[in-house]
Every structure is written in C-alpha cells, then in structure tokens.
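Trainee: For what it's worth, our numbering labels the leading residue of the sequence shown as 27, then goes sequentially. Each residue gets a CB set at the ideal place from its N, CA and C atoms; glycine is no exception. The structure displayed is predicted, hence computed values, not measured ones. Have a look at the structure that comes next, please.
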Amino acid sequence: MSAAAFERQIRPIYDALDTGSNKSAIVACNKLLKKHPKNVLVKALKALALIRSQKVEESLVLCDEVLQTKPTDDGVLTAMMHVLRGLGRHNDTVTMFEEAYKKMPANEDLGAQTFFANVRASRWKSAHQVATRMYKQFQDERYLFWSIMSAILQAKDVSTPSAMRPILYQLAHRLITSSPTPSYANADRFHLHLTILRELKLYEEANKLLDSDIGKSICATNLSCNELRREIYVQQGRIQLEAEQAEHLIVEKKDRNWLEFLSVIEGAIPATSPEGTTVDLEATGPKVSRVRELFLKIAEEDGTKDRSAPLALLEVEKRALHHGLSQDRGPLLTLLKQYFDKFGDKACCFEDLKPFLDLDGDDLAQLTSFLEAVPTSFTTVSDLRRLINSYKILRYTLPQSEITEEKEASRNAAYIKAYFEGLPLGDGLPSTELQPADDLALLAGNTYVNLWKLTGNDCHLLNAVYLLEFALTKSKQSFLTRLILIRLYRLLGALNAALEHYRAMQIKQVQHDTLSHLILSRASTFSLASTGDLTLATECLESTHIYLSNSQETADFIVRAFTGEKYSQIPEFIFFEDQLDNSLQRDTVKVEHVRMRLTHEVIQSDLIDLELIELKFIFDKVHYDNRDFAILPNYQPKVAQSLHEQTLLFDRPEGEVWLSTFLKTYIRAFQQASDLDDTVEEKLLVGDRPKQIADSEKKLPLRERLLQRDPKESESLTPDEIKFVDYTHALVDWLEPHHNHCRPPPAVVLAEAAKQTELKTGHPLKGIDIPPMNGNGHHKKNEEPPAIVDAPEVVVKYFETAKSRFQELQSKSSPSELLHVATLAQEAYLLLVTETLRFNKNPSLVKIHKLGNLVANFKALRSDAVSVLGEISSTLIKRAEDDGSSDSRHLCVDRCTPDLSSHIDHDFVFTCAKKICDSRKKVLDGVGKGIDRLRGTYA
27 MSAAAFERQI RPIYDALDTG SNKSAIVACN KLLKKHPKNV LVKALKALAL
77 IRSQKVEESL VLCDEVLQTK PTDDGVLTAM MHVLRGLGRH NDTVTMFEEA
127 YKKMPANEDL GAQTFFANVR ASRWKSAHQV ATRMYKQFQD ERYLFWSIMS
177 AILQAKDVST PSAMRPILYQ LAHRLITSSP TPSYANADRF HLHLTILREL
227 KLYEEANKLL DSDIGKSICA TNLSCNELRR EIYVQQGRIQ LEAEQAEHLI
277 VEKKDRNWLE FLSVIEGAIP ATSPEGTTVD LEATGPKVSR VRELFLKIAE
327 EDGTKDRSAP LALLEVEKRA LHHGLSQDRG PLLTLLKQYF DKFGDKACCF
377 EDLKPFLDLD GDDLAQLTSF LEAVPTSFTT VSDLRRLINS YKILRYTLPQ
427 SEITEEKEAS RNAAYIKAYF EGLPLGDGLP STELQPADDL ALLAGNTYVN
477 LWKLTGNDCH LLNAVYLLEF ALTKSKQSFL TRLILIRLYR LLGALNAALE
527 HYRAMQIKQV QHDTLSHLIL SRASTFSLAS TGDLTLATEC LESTHIYLSN
577 SQETADFIVR AFTGEKYSQI PEFIFFEDQL DNSLQRDTVK VEHVRMRLTH
627 EVIQSDLIDL ELIELKFIFD KVHYDNRDFA ILPNYQPKVA QSLHEQTLLF
677 DRPEGEVWLS TFLKTYIRAF QQASDLDDTV EEKLLVGDRP KQIADSEKKL
727 PLRERLLQRD PKESESLTPD EIKFVDYTHA LVDWLEPHHN HCRPPPAVVL
777 AEAAKQTELK TGHPLKGIDI PPMNGNGHHK KNEEPPAIVD APEVVVKYFE
827 TAKSRFQELQ SKSSPSELLH VATLAQEAYL LLVTETLRFN KNPSLVKIHK
877 LGNLVANFKA LRSDAVSVLG EISSTLIKRA EDDGSSDSRH LCVDRCTPDL
927 SSHIDHDFVF TCAKKICDSR KKVLDGVGKG IDRLRGTYA
C-alpha cells in the first residue's frame with residue numbers, strides 16, 4: 027500500500043483521538059490491524075486509545091509489543107510517548123528514545139527528543155550525557171548550555187549524594203568557561219554562569235562579570251540577574267557596595283523598589299548580627315543618622331504618593347531599638363503617629379504598621395489615646411477607612427487584662443454599629459465591588475470567635491454567622507468573609523453550609539493545594555460515603571487534578587524553557603513541580619479519601635492491595651506544607667491565639683505528624699491484610715517507582731519505621747484519634763503472627779495475578795512463571811502455627827470506651843465532636859473487618875491452620891462492636907430529628923443578640939438558622955444510617 031493510501035486510512039484514528047472518541051479509535055484500529063496485523067503505528071495508536079479508555083491491562087500488551095520493535099518512526103515515537111506517560115513509565119520512554127537515537131545518531135531532532143525524554147523523567151545525568159554528545163556532534167552552543175544546565179540540576183537533585191554536588195558544579199564551571207561565546211552574550215546564560223560561581227564561591231570571577239559594563243547593563247534590565255547579583259554581594263560581605271548602588275537607584279533613578287530600601291538599611295544597621303557578636307554601636311550610629319536623613323528627605327519629596335520611605339524610617343527605628351542603639355521608643359511612636367496621619371485612610375495601613383507595634387507601658391497608652399481620638403462618625407470612605415484602621419490597631423495591641431467577655435462585647439457592639447452606619451457609603455456600587463465597611467464585619471466576626479473561646483457558648487458562633495451571611499448579601503465577592511464562614515460552619519457541624527461557600531469561591535488550579543484544607547481537613551468526620559453520598563469523596567478527587575496536570579504540564583514547561591534557553595526559569599519550574607508532587611495537603615487528602623472509600627466500597631483484597639502500594643509510596647516523601655493559613659483575616663489581639671488557631675476543628679492541626687501517624691496506621695493494617703510483599707509489588711508495578719532521596723539506604727527498615735511513634739502526636743491528634751491509633755496498632759500486633767503464617771508464598775500470589783490478567787486480556791503476564799498448583803491453593807507450612815492468645819485489652823475495650831465518650835458529648839450543642847467519635851468508632855470496626863478478612867473468607871484456611879479459637883475471638887469482638895455501633899447509630903438518627911426540628915430552629919433564632927436583631931431582618935436570621943439546622947440534620951442522619959448499613963454489611 028502506498029504511503030498516501032495508508033495516510034488516508036489512518037487519518038480517522040487521529041481524528042477520533044483528537045476529539046476524545048476513544049471507542050471509535052479502537053474500532054478503527056482493529057479494522058486496520060486485520061489488514062496490517064504487524065503495523066507498529068496502528069498498535070501504538072490503539073494502545074493510546076486503550077489508555078484513555080482506562081483499559082490498562084490491554085494497553086500494556088500492545089505497549090510491550092511496540093517497544094520490542096525498537097521503533098524509530100516519529101509517529102510511533104510520539105504516540106508511544108503519550109502511552110508511556112499515561113502508564114507512568116517515564117524510564118521506558120527514555121529507553122525507547124535512546125534506542126531510536128542509537129539507530130539514527132545523525133538525526134538531530136531525535137537527539138533533542140531523547141534529551142527531552144530524560145528531562146521529563148528528571149534523569150539529569152543521562153540528559154547531561156545526551157546534550158554533551160549532541161554538542162560534540164552538531165556543534166550548536168545551545169546543546170553545551172543544555173549540558174551545563176543538566177549538570178546543575180543533577181547537583182540539586184535530592185537523589186544526588188552530597189559529596190557529588192561540588193564536583194558537578196565544577197564540571198559545569200569548566201564547561202561554561204570553555205564556551206566559544208561568552209556567557210554575557212545572553213541574559214539567561216549570564217544568570218547560569220553567576221549561579222555556578224555563587225555555588226562554588228568563586229567571588230572574584232563573579233565580581234569581574236558583575237562589574238563589567240555589560241554585566242551592569244544586564245543586571246539593570248533583568249530582575250533575575252539583579253537578584254542573583256544582590257545575593258552574591260551579600261554572601262561575600264559587599265553589603266556597603268550594595269547599599270551604595272541601592273541608594274543611587276533610589277535617589278537618582280527614583281526607584282521605589284522596597285528591596286532597594288532594605289539594602290540601604292542593611293548597609294547601615296543589619297537586621298541580625300552573627301551569633302555571639304553584637305553590632306558596633308560607635309560605627310553604626312553615624313550611618314543610621316545619615317540613612318534617617320536620606321529617608322526623611324525622600325518621604326518629604328514623595329508625600330502621599332509612595333509609602334516606601336516612611337516604612338523604611340520605621341524599619342530603621344525598629345532595628346535601632348533591637349540592637350540597643352536607641353533606648354527611647356519615642357521616635358518610633360512619633361513615626362507611627364505620622365504614618366497613621368498620612369496613610370490612615372489607606373486599606374493597607376494596619377498591615378503596614380503591624381510589624382512595628384511592639385509597644386507597652388506609657389508608649390502603648392499614648393498610641394491608644396491617639397487612636398481613640400479618631401472620630402467614630404464619618405461621612406466619607408476615607409474617614410471610614412481611618413476609623414477601621416484605628417480599630418484594627420487598637421484591637422491588635424490589646425493587653426491580656428483588656429480581653430474579658432464584657433469588654434469584648436462592648437467593642438463588638440461598636441464594630442457592628444459602625445458597620446451598619448458605613449453601609450450607605452457603598453450604595454450604588456456594582457455587585458462585583460466590595461463594601462468599604464466590610465472589614466468592620468470581619469472585625470466583629472473575629473470578636474465573636476474570641477467571645478466563644480472565652481465563654482464556650484456557641485451562641486457567639488451563631489451570631490458571627492448571622493452577621494457575616496448578611497455582609498455577604500452586601501458584598502457578594504467577599505472572599506475573606508466566606509473563609510471565616512467555612513471555618514464557623516464546620517465548628518457548628520453544618521458541613522453542607524460550609525461546602526456551599528467553599529464552592530462559591532470557585533477554587534482553581536494551585537488553590538486546590540493551598541486552600542482545600544478549609545473543607546477537606548478531617549473531612550471523613552462529616553462524610554456520608556457510607557450511604558452512597560460521595561460529595562466529599564468527589565471533592566477529594568477534584569482537588570487532586572492539579573497534581574496530575576502538574577506532573578504532565580510542568581515537564582512540558584521545562585522542555586519549552588530549554589528550547590527557548592530560559593535557564594533562569596527552569597529551577598523555578600522544577601521547584602514548583604517538586605512542591606506540588608510532595609505536597610502535604612495532597613497526601614493528607616489521599617488519607618482522608620482512603621478513610622471514606624472504606625465506608626463506601628466493599629472491603630476486598632484488590633482495594634487493600636491498591637491502597638497499600640499508594641500509601642507506601644507516600645510514606646517516604648519529604649513533604650512540603652503549601653497550605654495557606656495566613657489568608658484568614660486575623661484581627662485578634664497579638665497576645666491571643668490567631669483566628670486560624672481558634673477555629674481549628676477539634677483544636678488540633680492536620681500536619682506532618684498527623685499524616686505520618688495515619689500513614690503508619692493504615693500501612694500496617696493493610697500490610698497484614700494483603701498478600702503483597704516487595705517481590706510481588708516489584709513484579710506487578712506498572713509505573714516507575716518514586717525517586718529515592720540520597721543515602722536513603724541508611725534509614726531503618728520499613729517495618730521498624732512503621733513501629734515508631736512520634737512524641738508530638740498529642741499536639742496534632744485529638745485524644746480520640748490517639749485511642750483509635752493505639753487500638754489499630756494493638757490489633758495489628760495481635761494478628762501479625764497469624765497473617766505471616768497464613769500468607770501464601772510470592773510465587774502463588776504472582777501465579778494468581780497472571781491467571782487473572784490472562785482472563786482479562788487473553789495474554790499471559792510477562793516475566794512470570796506459573797508454578798504447578800495442587801489442591802485448593804492453600805500452602806500448609808512445615809512450622810507450627812503461632813499460639814492463639816486472647817485479644818489485647820486495648821482492642822477488647824475500645825468500643826465500650828468510645829461509647830462512654832460518645833455519651834459524654836451528647837449534651838454539646840454542636841455535633842462536630844459527636845460525629846468525630848462516631849466516625850472513628852466506625853473506622854475502627856472497618857479496620858477490624860479488614861484485619862480479619864483473610865480468615866473469615868477462607869474457611870479451609872482456618873481449618874488447615876487450626877485457627878478456630880482465633881475466629882471465635884473475632885466473633886466476640888465484632889458482636890461487641892456491632893452492638894455499640896447500633897447504639898451510636900440510633901442516637902445520631904434521633905439527634906438528627908431533634909436538630910432539624912422547628913424548636914431547634916427557633917432556639918437558634920432566639921440566640922441572635924439585640925445588636926444584630928435591630929439591624930438584620932428576622933426572616934434573614936431564620937433562613938440562616940434553618941440552613942444550619944438542616945445541614946446538621948443531614949450529616950447526623952447520614953452518618954447514623956451509614957453506620958447502621960455497615961453494621962448490616964459486615965455483621
């Protein structure tokens with residue numbers, strides 16, 4: 027067949043793939059394969075269509091067939107690149123391109139694709155070798171710099187031993203100095219050169235580059251190079267030179283970059299002094315005086331056009347006090363007053379002054395008197411902002427003696443009064459604009475939360491909700507108001523109301539990593555997955571899309587950066603990718619999803635095996651906490667807890683310790699229930715294993731690390747979670763000898779996997795020899811089975827303890843803690859089911875290994891658990907009816923204080939109260955009925 031005729035026949039397959047019609051693509055491929063059964067391109071395209079149809083096993087067979095042919099055709103290579111990326115087999119992609127490049131070494135494009143395959147797989151050593159070979163062969167300088175960049179990235183890689191890193195930088199230095207064209211011919215190459223010199227501390231060479239005319243020109247026009255120049259100057263102690271250059275930019279060029287002001291200040295008086303040393307006050311004094319004069323002059327010139335110079339003056343005074351250059355806080359107080367007079371009508375005034383408000387005694391009293399003199403009546407937006415800023419500063423500087431229920435209530439009344447008086451100033455604004463008085467509602471919301479912490483009375487949370495919900499009717503786009511409401515609704519046990527606001531914020535892209543903690547932290551407490559309602563489980567999955575796109579798209583961005591020689595961007599892309607790949611929130615959500623999944627799906631070996639492998643991959647990561655807590659509008663006094671700390675569910679953060687503890691708990695439980703060991707995992711794993719950190723072989727074995735308990739557990743886990751973890755570890759320890767004795771050998775497990783794969787695909791599993799099987803598949807071991815002992819007391823008494831704790835919490839108005847205890851008891855029962863699954867589903871195994879007495883123990887434990895869960899279930903369902911009743915709604919309405927009821931319509935308050943009560947009813951009823959369903963399923 028001619029090439030043109032074949033092109034006409036294959037075009038519909040490409041069209042189907044482009045439009046997402048994977049089924050049509052598979053049908054078209056099958057038709058062509060009947061005519062051309064050995065056509066590699068059609069096989070590759072079919073494999074791609076199968077991958078996109080989630081038919082992984084069938085795709086694997088075709089994928090391996092194509093790879094065996096060692097293709098060189100561009101169409102086949104491109105299709106296979108997408109197939110292997112979908113399978114997570116990046117190393118196979120590299121091998122495929124390397125084999126093709128070996129066959130066609132004169133093909134420059136194929137060489138570049140081989141380099142990019144290594145880049146996508148983060149195989150920097152191989153990338154360096156390929157780029158070096160290409161430079162020698164094609165004499166394109168771009169490839170030399172690809173090689174240099176690869177060496178630098180290899181040095182930065184976590185898998186590179188620390189002793190190897192200086193050698194790689196030295197190699198990069200030798201290569202860049204051998205370049206026929208100087209690095210300063212291109213700003214990004216210049217940046218690369220400076221990076222190498224900084225790492226090797228070759229400051230003299232760096233200074234020659236930086237002090238040259240072209241070096242100065244590049245730094246003046248390229249922010250990345252200028253930032254690197256500043257770092258090099260600071261590292262070699264050229265702080266005075268940096269300060270002089272910054273002063274020149276400020277005075278002559280009218281540059282108002284805050285970094286330049288900081289450089290000038292650093293040259294006069296550093297923020298910190300080296301450990302064990304103090305600042306030379308005699309030498310520093312004249313410098314500080316000169317800098318003060320400079321900034322005073324600039325502040326006078328700029329007036330209200332720019333805030334940099336007044337802020338710089340405040341920073342100088344703060345450092346002078348810190349180092350003992352000045353003992354008098356009077357100048358700082360004067361500057362604070364002057365700044366407030368000049369910029370008090372700016373929305374940013376409070377945030378600007380916050381770092382400098384470390385006052386006490388007479389100084390604080392003077393500032394307080396000054397701010398209290400700000401008129402509380404206003405007719406313009408500027409006057410209103412000035413009042414808001416005075417309230418914020420006064421509140422932030424409150425001493426502990428002023429934080430009482432009575433005084434907080436008085437302040438709150440003032441905030442609320444000012445808020446409603448300020449609303450007319452926003453009349454006529456478009457719906458997309460924020461009200462000028464919004465911050466007063468946020469101040470009142472903060473105060474209500476503080477009153478709740480002082481008194482323990484939920485009525486303050488309800489009033490905060492009423493006010494903030496009303497504020498949202500005036501400022502529909504107020505992101506900050508929704509943030510507080512989400513926290514408050516979770517504290518009140520009204521998850522649906524919280525979810526409504528979370529979705530209204532329209533979280534996108536990387537915000538899923540930084541903000542999803544608002545709704546997904548300990549989300550399993552409110553999950554209704556056991557009743558088939560997968561709302562929260564779906565939120566978990568949706569929040570992970572950013573991580574999938576990150577792993578695919580960021581690699582493409584890095585490739586484009588190499589193509590465009592944007593070397594300064596490459597480390598930033600890699601850092602971004604690494605931060606997301608190893609995100610603490612990503613893996614916390616994964617654990618929460620596993621907890622929900624167990625309540626929804628039938629517990630069986632496939633589920634256990636899959637989750638075990640994924641959790642083990644997570645366990646050894648070095649996590650980055652990218653969650654944004656600072657975004658919560660915190661207007662609490664500096665001597666009190668922040669709003670974030672006050673509104674944490676159960677007063678415990680979900681951090682690294684929480685994640686590590688729950689990972690250990692679930693990995694241990696799943697390990698015992700699974701037939702997989704490392705040998706079997708290695709054989710059955712489809713994608714690549716995660717990259718190991720350098721020197722990871724020095725770590726303790728996995729089993730020993732899983733047994734370690736963190737002494738800081740009590741800071742991250744609630745008392746109820748600690749009891750649950752203790753119960754699970756005791757359960758696993760008790761049953762571990764029996765699981766180890768009864769677990770089939772790896773060969774048997776692999777044989778079963780091969781059999782199942784052949785049934786699905788019609789092809790045997792590659793690389794696995796099936797041993798002859800006799801009998802029913804249960805292998806009786808020669809050694810005696812371990813002695814059967816009674817269950818540990820922690821396990822036996824867990825459910826009764828949970829029942830007692832549940833009864834203690836029934837009097838609380840918010841159901842959140844009640845749900846916490848109930849869902850943990852449910853989880854404990856599901857792990858009991860998981861741990862005993864091997865023995866309960868195989869009567870013949872019990873008979874062979876003489877485990878009758880052990881199974882009798884299980885029955886007693888499950889009977890007790892089912893009984894306790896039955897009581898918890900019925901109580902939750904009854905509580906749901908009570909919380910959803912009209913009496914409950916009226917009780918919530920009656921808690922609205924006169925400060926609010928005089929401004930907010932009764933019907934509006936009733937609507938809010940109904941939303942809270944209905945939301946509570948739904949979650950209580952759902953969790954209660956879900957527990958009852960699970961009791962029936964696994965009784």
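So, is A886 buried or exposed, given that buried needs 16 or more other C-beta atoms within 10 angstroms?
Mentor: A residue is called buried when at least 16 other Cβ atoms come within 10 angstroms of its Cβ; A886 does not meet this threshold and is exposed.
Trainee: Could you tell me whether the stretch 477-487 touches the stretch 431-439, using the rule of 3 or more Cβ pairs below 8 Å?
Mentor: The way I'd put it, the stretch 477-487 does touch the stretch 431-439; three or more beta-carbon pairs between them come closer than 8 Å.
Trainee: Flag this pair as yes or no: are the beta carbons of L220 and L254 separated by less than 7 Å?
Mentor: yes
Trainee: Expressed to the nearest angstrom, what Euclidean distance is found between the alpha-carbon atoms of E459 and L498?
Mentor: 12 Å
Trainee: Rounded C-beta distance between C938 and Y492? I'm assuming under 8 Å.
Mentor: 5 Å
Trainee: Under three-state DSSP, which class holds L40?
Mentor: One detail in the question is off: residue 40 reads as Tyr in this sequence, not Leu. Three-state result, Y40: helix.
Trainee: Going by DSSP in three states, S609 sits in which element: helix, strand or coil?
Mentor: strand
Trainee: Is L525 closer than 7 Å to V615 when the C-beta atoms are compared?
Mentor: no
Trainee: Let's test the definition: count the other Cβ atoms within 10 Å of the Cβ of D908 and tell me whether it reaches 16, buried, or not, exposed.
Mentor: exposed
Trainee: Where does the unbroken alpha helix (DSSP H) through R653 begin, and where does it stop?
Mentor: Unbroken run through R653: none, as it is neither H nor E.
Trainee: Just tell me which of I903, A153, V277 has its CA closest to the CA of I584.
Mentor: Closest in C-alpha terms to I584, from the list I903, A153, V277, comes A153.
Trainee: Let me confirm a value: R115 is counted as buried when at least 16 other C-beta atoms fall within 10 Å, else exposed. Which label applies?
Mentor: buried
Trainee: In this structure, how does DSSP classify G590 when only helix, strand and coil are distinguished?
Mentor: coil
Trainee: Among L926, A848, A854, V935, which has the Cα closest to the Cα of L950?
Mentor: A848
Trainee: Quick one: residues in its chain with C-beta nearer than 8 Å to the C-beta of I429, no 5 flanking neighbours on either side, listed in chain order?
Mentor: N476, L480, P663, V665, A666
Trainee: Classify P924: buried if its beta carbon has 16 or more other beta carbons within 10 angstroms, exposed otherwise.
Mentor: exposed
Trainee: Relative to the alpha-carbon of A54, which residue among I265, I36, A70 has its alpha-carbon at the smallest distance?
Mentor: I36
Trainee: Just verifying my parser: in three-state terms, what is the DSSP assignment at I193?
Mentor: If DSSP states are grouped into helix, strand and coil, I193 belongs with the helices.
Trainee: To the nearest angstrom, how far is it from the Cα of A325 to the Cα of A335?
Mentor: 5 Å
Trainee: Can you tell me whether P679 is buried or exposed? The criterion is at least 16 other CB atoms within 10 Å of its CB, across all chains shown.
Mentor: Note on P679: 16 or more other CB atoms within 10 angstroms of its CB, so buried under the neighbour-count rule.
Trainee: Rounded to the nearest angstrom, how far is the Cβ of K829 from that of E897, given a contact under 8 Å?
Mentor: 6 Å
Trainee: Classify A391: buried if its beta carbon has 16 or more other beta carbons within 10 angstroms, exposed otherwise.
Mentor: exposed
Trainee: Using DSSP with H/G/I as helix, E/B as strand and the rest coil, what is D484?
Mentor: Of the three classes helix, strand and coil, the one that applies to D484 here is coil, per DSSP.
Trainee: Hey, how far is the Cα of K323 from the Cα of D464?
Mentor: 36 Å
Trainee: Take I572 and list the residues in its own chain whose beta-carbon comes closer than 8 Å to its own, dropping the five residues that flank it on each side.
Mentor: Q535, V536, H538, D539, L606
Trainee: With L675 as the anchor, note down where its alpha helix (DSSP H) starts and where it stops.
Mentor: That residue, L675, is in no alpha helix (DSSP H); it is neither H nor E in DSSP.
Trainee: Mind checking N879: buried by the 16 CB within 10 Å criterion, or exposed?
Mentor: exposed
Trainee: So, does the stretch 213-227 touch the stretch 240-258, judging by three or more C-beta pairs under 8 Å?
Mentor: yes
Trainee: Work out the CA separation of Q852 and T298 for me, nearest whole Å.
Mentor: 53 Å
Trainee: Rounded to whole angstroms, how far is the Cβ of K955 from the Cβ of T557, which I believe are closer than 8 Å?
Mentor: 6 Å
Trainee: Please tell me whether H765 has its Cβ less than 7 Å away from any Cβ of chain C.
Mentor: The displayed structure is made up of one protein chain only, and chain C is not part of it.
Trainee: In whole angstroms, what is the alpha-carbon distance linking T756 and L74?
Mentor: Reading off the sequence, residue 756 comes out as Ala, not Thr. Each residue's Cα considered, the two are about 47 Å apart.
Trainee: Buried or exposed for T360, going by 16 or more other Cβ atoms inside 10 Å?
Mentor: The residue in question, T360, is exposed, as its Cβ has fewer than 16 Cβ neighbours within 10 Å.
Trainee: Three or more C-beta pairs under 8 Å: does that hold for the stretch 835-849 against the stretch 891-905?
Mentor: Output reads yes: the stretch 891-905 touches the stretch 835-849.
Trainee: Do F552 and L521 count as a contact pair if the criterion is CB distance below 7 Å?
Mentor: yes
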